[in-house]
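Working notes, structure below.
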Amino acid sequence: PFGQIGIVTFNCKDKLRDDLSAEYAEHGDFLAILAYRFVAGYCKALRTRHWLPGDTQLTKREVECLRWASIGKTDKEISLILSRSHATVRFHIQNAGEKLDAVNRSQTIFKAAQLGYLGAAA
11 PFGQIGIVTF NCKDKLRDDL SAEYAEHGDF LAILAYRFVA GYCKALRTRH WLPGDTQLTK
71 REVECLRWAS IGKTDKEISL ILSRSHATVR FHIQNAGEKL DAVNRSQTIF KAAQLGYLGA
131 AA
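Basically the numbering used here = 1-based index in the sequence shown + 10.
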């Protein structure tokens, strides 16, 4: 989520050793799990501290407007589809953007999608 990418490396104290395949064969599964959990925990901590408030909740109407916007519909087109005014659609999308701490429409849609609001089950 949020484009987070991480890497964990494991180094050997012995600088002259360049073949660690035996150690990797013995401990590789454990190291992979350890690395995965570290990166996942780091991303979760970063997301909760810097990306979004933990209790962010979008309304049904905000989600509905964002779903249409995510497939390229303009506010005017969304207003016709939902039988709402252009200003109402703009309000819902801007309000969602404020809740998600987004700087523009694209980032609002991106963050809503990353949080699962725009999926089929949302």
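Positions of the beta carbon are idealized from the N, C-alpha and C atoms, including for glycine.
Just so you know, these numbers come straight off a predicted model, no measurement behind them.
- Only counting runs of 4 or more residues, tell me where the alpha helix (DSSP H) segments fall wholly within the stretch 61–98, in order along the chain. Segments of the alpha helix (DSSP H) lying fully in the stretch 61–98: 70–80 and 85–92.
- Straight-line Cα distance separating ASN21 from ASP111: Inter-residue distance for ASP111 and ASN21 is about 39 Å (C-alpha atoms, whole angstroms).
- Return the Cβ separation of VAL73 and ASP85 in integer angstroms, given the expectation that the two are a contact with Cβ distance under 8 Å. Actually they are not in contact, since the Cβ atoms of VAL73 and ASP85 sit about 15 Å apart, beyond 8 Å.
- Task: Give a yes or no on whether the C-beta atoms belonging to LEU26 and LEU76 are separated by under 8 Å.
- Result: Taking 8 Å as the Cβ cut-off, LEU26 and LEU76 do not qualify as a contacting pair.
- Message: In whole angstroms, give me the CA-to-CA distance for THR118 and SER93.
- Response: Cα to Cα, THR118 sits roughly 22 Å from SER93.
- Message: If you reduce the DSSP assignment to three classes, tell me which class PHE20 lands in.
- Response: Coil at PHE20, not helix or strand.
- With LYS25 as the anchor, note down where its alpha helix (DSSP H) starts and where it stops. Membership of LYS25 in any alpha helix (DSSP H) is not indicated, and neither H nor E is assigned to it by DSSP.
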